[in-house]
Every structure is written in C-alpha cells, then in structure tokens.
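In full-length UniProt numbering, the protein residues as written are 1 to 595.
So, in structure tokens, the structure goes:
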C-alpha cells in the first residue's frame with residue numbers, strides 16, 4: 001500500500017524495461033522515514049517491482065484520459081528531434097495499448113450560499129418612528145434604549161418622546177418632573193431597577209427626597225444625621241454655616257433606621273438626615289463664593305442672591321417628593337386591590353371547574369388541598385392553562401383525602417382558613433363600639449357608668465384567633481367583650497384602693513384650690529406620653545386641707561396638684577392601660593376584626 005509504513009513516497013510515470021505492462025507501474029524514490037538521516041546519493045534510487053496503482057480517496061483526477069490524445073500530440077510524441085538533426089520515432093509510445101483505468105473524482109454536494117436579506121434602500125421616516133414609539137410604555141422605552149443600539153441615539157435626542165409616552169399612559173395622575181430631572185431621568189427613577197451606586201440588580205426603592213435609587217446599605221453609607229451635618233457646616237474661615245441647612249434636601253428615618261419620606265422631621269421619634277455629598281458641595285460653593293467676593297459691602301447682596309435660588313429648588317423638590325410618594329402609595333393601593341380581585345376570580349373559577357369534574361370536588365375539599373391554596377394566592381387572572389396544571393394535583397389530593405376518611409370531621413387547618421377568609425371578606429359587617437366613662441368625685445361613693453354596644457350583622461358564634469397560650473386558642477366575640485369589661489372594673493377597683501392609700505401622703509403635700517365642680521375623666525384612649533406629661537391628672541384630685549391636727553379634711557372643695565412627682569401607681573396605671581389596649585388590638589388584628 002502507498003504510505004503504509006509512514007514512508008516518504010514520490011511516484012512518477014516510468015517506461016518499462018522490457019515488455020509493456022497492462023497495468024500502471026511506478027518507482028519509489030527517497031525511501032526513508034520522515035526525520036531520519038539522509039542516505040547516500042548512490043543508494044537513494046531504489047527500483048521496485050511493478051506496483052499497480054490503486055484508487056486512493058482524495059487523489060486528483062487527470063485532466064485527460066490516457067486514450068484521449070490528439071493527432072498533433074501523437075505526431076509530436078512520435079517524432080522527437082535528435083542531436084544530429086534527424087528525427088526518430090518513439091516506437092514504445094506507439095505500441096502502448098489503451099489503458100482502461102478510470103479515475104473518478106468523488107461526488108461532492110454543492111452547498112447553496114445563504115443570501116443575506118437586503119435592507120431597504122431608503123430608511124423609515126423618523127417622524128413615523130416618533131409616532132410609533134410615543135404609544136409605547138415608558139418602561140418599554142427604557143428597555144429599548146438599553147438593548148437596541150439603533151434606538152439609543154434616537155431616544156436620547158428626543159426628550160419630547162418620553163413626555164408624550166408618559167402623558168398617554170398616565171395622564172394627569174402622574175406629577176410633572178422636577179426642574180432638576182430630565183424626562184429620561186424621571187422615567188428611569190420611576191420604572192427601572194438596580195442600585196445606582198453599587199449596581200445591585202434587585203433594588204427598586206427610589207428616594208425621591210434625594211432623587212436617587214439606592215439599596216439600603218448604600219443609603220446608610222451616604223447619609224448623615226442632623227447633628228453631624230451641622231458640625232460639617234463650617235467654612236474655611238471657621239464660620240458657622242448652620243443657617244444653610246435650609247438649602248439641603250432632607251429625608252426622614254424612623255427609630256429602626258427605615259426611610260419614611262421627605263424631611264425635615266417634626267417629632268422626636270423621627271430623625272432628619274442629609275447627604276454628606278450635598279453638605280460638602282454646599283460648603284465648597286460657599287467657600288468659593290466667599291473667596292471671590294472682596295467687597296464686604298456687597299457681600300450681603302451676593303450671599304442673598306446665591307442663597308434664595310437654592311432654597312426655592314429645595315422647596316420645589318420637597319413638594320415634588322411628597323407628590324411622588326403619594327402617587328406611589330396610590331398605585332400600591334390600586335395594585336393591591338387589583339391583586340385581591342384576581343385572587344377572588346381564581347378562587348371562583350377553580351371552584352366552578354372542580355364542580356364539573358367526575359367525581360366532583362366540593363369547596364370544602366378544595367380548601368383542604370395544598371395545591372389549591374397555593375394556586376389562589378397567585379395574583380393573576382385564571383385561564384385554561386393554569387387549570388390544566390392544577391387539575392391533576394387536585395384529583396390526586398382529593399383521592400388521598402377520601403382514602404383517609406374524607407371530611408367527617410372538619411380539620412383545624414380548613415376551619416381556620418374558612419373563618420379567616422370569612423372575616424376578611426365581611427370585615428365591614430362587624431362594628432364594636434365601647435364607651436367607658438369613669439367619674440371620681442370627692443365623696444366616698446363613686447359613680448361609674450359603663451356603656452357598651454356590639455353590633456354584629458352576622459352570627460355571634462364566629463371565632464377570633466388569639467395570639468395566646470395554647471390553652472386559649474379561640475374565644476368568641478362576646479367573651480372578648482366580657483374580658484374587657486372585667487378589666488375596666490378591675491381598673492376602677494384599683495383606683496379606689498389607691499385613693500385610700502394616698503390619703504396619708506396628702507398631709508405632706510402643698511395644694512392649691514381649684515373650683516368645686518372639677519372632676520377627672522380617665523379616657524381609655526389616653527397614651528403613656530399623655531400620662532407622663534400630665535401627672536396632675538393621674539392621682540385622684542381629693543378636696544383636702546390641713547386641719548389643726550395635721551390630718552386631711554376630705555369635705556372641702558377640690559384641690560389640684562401643681563407639679564407632683566410621678567408615683568409608682570401612675571406608672572402601673574399607665575402601663576396597665578397600654579397593655580390592655582395593645583392586647584385588644586392585637587387580638588382583633590389576628591382574628592380578622594379591626595376595632
């Protein structure tokens with residue numbers, strides 16, 4: 001075989017030594033391995049026996065067959081010039097028989113070239129694109145600007161397009177952007193996501209007070225509280241610049257560090273925060289303005305001309321931030337209502353489809369199926385595809401439920417779900433009004449009036465779930481009212497008992513006279529702050545005066561404590577009041593009823 005032993009072969013046609021062979025033959029030249037040492041020149045050419053050619057894959061086909069010889073070629077091959085000028089014919093060539101060896105080229109399949117689609121020679125008019133994109137949602141325009149290179153420059157250079165899109169989709173409900181924002185920046189803060197500082201992809205909270213979208217960690221790094229900001233407001237000449245705080249955009253944080261809204265804060269529980277970058281920028285601008293002004297007489301006018309526009313911009317941003325926070329709250333409420341309607345539609349749709357099955361699945365059986373409970377929590381409209389996905393799961397779970405004994409006794413999970421959904425759906429039908437008035441007079445007799453009413457349009461046998469020990473898991477609405485009434489009576493008894501215990505302390509306290517008809521009404525809506533800030537209303541105002549033996553006289557007109565210290569009874573009374581009403585509201589909220 002040719003090249004069977006990895007030798008370097010070179011094959012060329014050669015005339016036979018004797019008789020003509022019926023097959024093709026050749027000689028092997030330079031018979032050596034690749035990379036081996038060269039052999040001597042005299043031993044280089046080694047004649048071989050006659051070797052017939054074989055068809056090797058990939059061998060090139062001759063342009064002309066051996067038998068296809070023209071007359072001109074034949075004559076030229078028969079007569080060859082000699083050195084002495086004579087011509088001699090080649091007898092061997094003429095006597096060669098026809099060789100019927102056919103060399104066929106392997107057939108190859110021609111692949112058709114895929115033609116690229118021709119682009120239109122004339123592009124679409126930009127006015128047409130403007131009209132088309134003006135009907136797109138701003139969120140879709142943001143996606144097109146980010147992903148389509150050809151749309152990037154067009155959307156960047158046409159701010160009016162963003163305005164047309166915003167007005168078409170939101171109308172007048174959405175506030176106009178602030179003067180500090182372009183239409184693209186406004187749409188980016190509204191609809192895009194991702195932290196603008198650390199590029200966290202899931203951040204969606206926009207702080208309109210600062211016109212930035214940051215994650216919570218970045219906000220903590222960038223803001224500073226009011227005392228720190230006041231300390232930073234110092235000029236290069238160590239001047240106090242605290243009057244410039246009105247030129248700084250402010251936000252509000254609660255005691256847990258959560259962002260509440262645009263500032264400044266108005267209560268002690270809320271803290272005003274500023275951005276460190278804004279404080280440093282304001283101080284740098286003041287120092288630059290101070291260095292440029294060399295005339296002390298004109299300094300006041302220049303400072304006022306620089307100060308007033310900044311105050312107007314901050315006030316404009318504050319109003320804009322409040323409008324945007326209100327719009328977002330409105331959208332969240334509308335979205336929540338829409339989700340509730342979609343969940344109710346899914347519940348109705350699945351119950352109707354389940355009743356058509358063979359055998360039918362009742363609504364109570366559906367409530368015991370985990371797949372059904374998961375499906376009705378999805379805030380999407382129902383369709384046939386979702387039902388086909390849910391159907392085999394329901395059939396399997398319903399069969400397992402019947403194999404376990406069915407619904408002979410209502411299971412606690414299903415009962416809790418049914419009662420919870422009932423109270424959530426009929427929350428407006430339950431009204432509980434409790435009015436408690438306690439009047440403490442100067443006489444020993446105490447008049448206490450209790451008035452209460454419970455209006456329940458439904459049956460009173462429904463239950464409320466309590467966050468309480470396991471021994472008290474369910475309590476009726478009427479029982480809840482009785483517990484509250486007992487707590488009020490107990491409070492009244494403690495008040496009467498404390499009045500007698502404080503009589504001995506009155507002889508050592510200075511009093512001032514007040515009108516005889518004054519009374520103290522203790523309202524259950526009073527908070528701990530009111531109790532601690534108004535200590536004169538806590539202790540019963542006894543009518544007393546010192547007699548000759550330094551004992552209190554309880555028959556004189558009412559007297560009033562000017563400023564007495566808060567006693568242990570005051571603290572106990574205030575915390576008991578807060579605990580009582582906290583328990584009532586917590587119980588009602590977990591039961592589905594809001595008092």
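Ideal placement from N, C-alpha and C gives every residue a C-beta, glycine not left out.
Compute the beta-carbon to beta-carbon distance between residue i and residue j, rounded to the nearest angstrom, for a pair I have assumed lies under 8 Å.
{"i": "residue 314", "j": "residue 247", "result": "6 Å"}
{"i": "residue 361", "j": "residue 354", "result": "4 Å"}
{"i": "residue 155", "j": "residue 141", "result": "6 Å"}
Where residue i and residue j are concerned, what is the direct C-alpha to C-alpha distance, given to the nearest angstrom?
{"i": "residue 277", "j": "residue 374", "result": "47 Å"}
{"i": "residue 212", "j": "residue 377", "result": "33 Å"}
{"i": "residue 322", "j": "residue 499", "result": "50 Å"}
{"i": "residue 186", "j": "residue 133", "result": "17 Å"}
{"i": "residue 224", "j": "residue 270", "result": "14 Å"}
{"i": "residue 394", "j": "residue 272", "result": "54 Å"}
{"i": "residue 370", "j": "residue 400", "result": "12 Å"}
{"i": "residue 233", "j": "residue 242", "result": "6 Å"}
{"i": "residue 493", "j": "residue 485", "result": "13 Å"}
{"i": "residue 471", "j": "residue 365", "result": "Unreliable positioning characterises residue 471 in this predicted model, as indicated by a pLDDT of 38, which lies under 50. A coordinate reading is not provided."}
{"i": "residue 279", "j": "residue 226", "result": "11 Å"}
{"i": "residue 333", "j": "residue 304", "result": "44 Å"}
{"i": "residue 229", "j": "residue 219", "result": "15 Å"}
{"i": "residue 149", "j": "residue 231", "result": "48 Å"}
{"i": "residue 391", "j": "residue 338", "result": "25 Å"}
{"i": "residue 368", "j": "residue 397", "result": "9 Å"}
{"i": "residue 193", "j": "residue 309", "result": "32 Å"}
{"i": "residue 357", "j": "residue 387", "result": "12 Å"}
{"i": "residue 330", "j": "residue 336", "result": "10 Å"}
{"i": "residue 489", "j": "residue 217", "result": "51 Å"}
{"i": "residue 260", "j": "residue 297", "result": "44 Å"}
{"i": "residue 286", "j": "residue 238", "result": "12 Å"}
{"i": "residue 253", "j": "residue 326", "result": "18 Å"}
{"i": "residue 199", "j": "residue 172", "result": "32 Å"}
{"i": "residue 383", "j": "residue 344", "result": "13 Å"}
{"i": "residue 346", "j": "residue 359", "result": "21 Å"}
{"i": "residue 114", "j": "residue 126", "result": "31 Å"}
{"i": "residue 157", "j": "residue 145", "result": "11 Å"}
{"i": "residue 283", "j": "residue 128", "result": "49 Å"}
{"i": "residue 111", "j": "residue 143", "result": "39 Å"}
{"i": "residue 240", "j": "residue 292", "result": "19 Å"}
{"i": "residue 402", "j": "residue 491", "result": "53 Å"}
{"i": "residue 116", "j": "residue 109", "result": "22 Å"}
{"i": "residue 295", "j": "residue 281", "result": "24 Å"}
{"i": "residue 518", "j": "residue 267", "result": "Reliability of the predicted coordinates at residue 518 is poor, the pLDDT of 40 falling under 50, and no value is obtained from them."}
Can residue i and residue j be called in contact, C-beta distance under 9 Å?
{"i": "residue 138", "j": "residue 190", "result": "yes"}
{"i": "residue 159", "j": "residue 184", "result": "yes"}
{"i": "residue 152", "j": "residue 244", "result": "no"}
{"i": "residue 162", "j": "residue 324", "result": "no"}
{"i": "residue 318", "j": "residue 262", "result": "yes"}
{"i": "residue 235", "j": "residue 290", "result": "yes"}
{"i": "residue 210", "j": "residue 264", "result": "no"}
{"i": "residue 380", "j": "residue 342", "result": "yes"}
{"i": "residue 350", "j": "residue 372", "result": "yes"}
{"i": "residue 177", "j": "residue 320", "result": "yes"}
{"i": "residue 165", "j": "residue 197", "result": "no"}
{"i": "residue 257", "j": "residue 274", "result": "no"}
{"i": "residue 316", "j": "residue 179", "result": "yes"}
Less than 9 Å between CB atoms is the rule here; does residue i satisfy it with respect to chain D?
{"i": "residue 374", "result": "Looking for chain D here will not work: only one protein chain is present."}
Pull up the DSSP beta-bridge partners for residue i, would you.
{"i": "residue 274", "result": "224"}
{"i": "residue 252", "result": "261, 272"}
Which whole runs of the alpha helix (DSSP H) in the segment 182 to 246 are 4 residues long or more, in chain order? 183 to 191, 216 to 222, 226 to 232
Which ranges does the alpha helix (DSSP H) cover as unbroken runs of at least 4 residues, wholly within the segment 278 to 358, from first to last along the chain? 296 to 355
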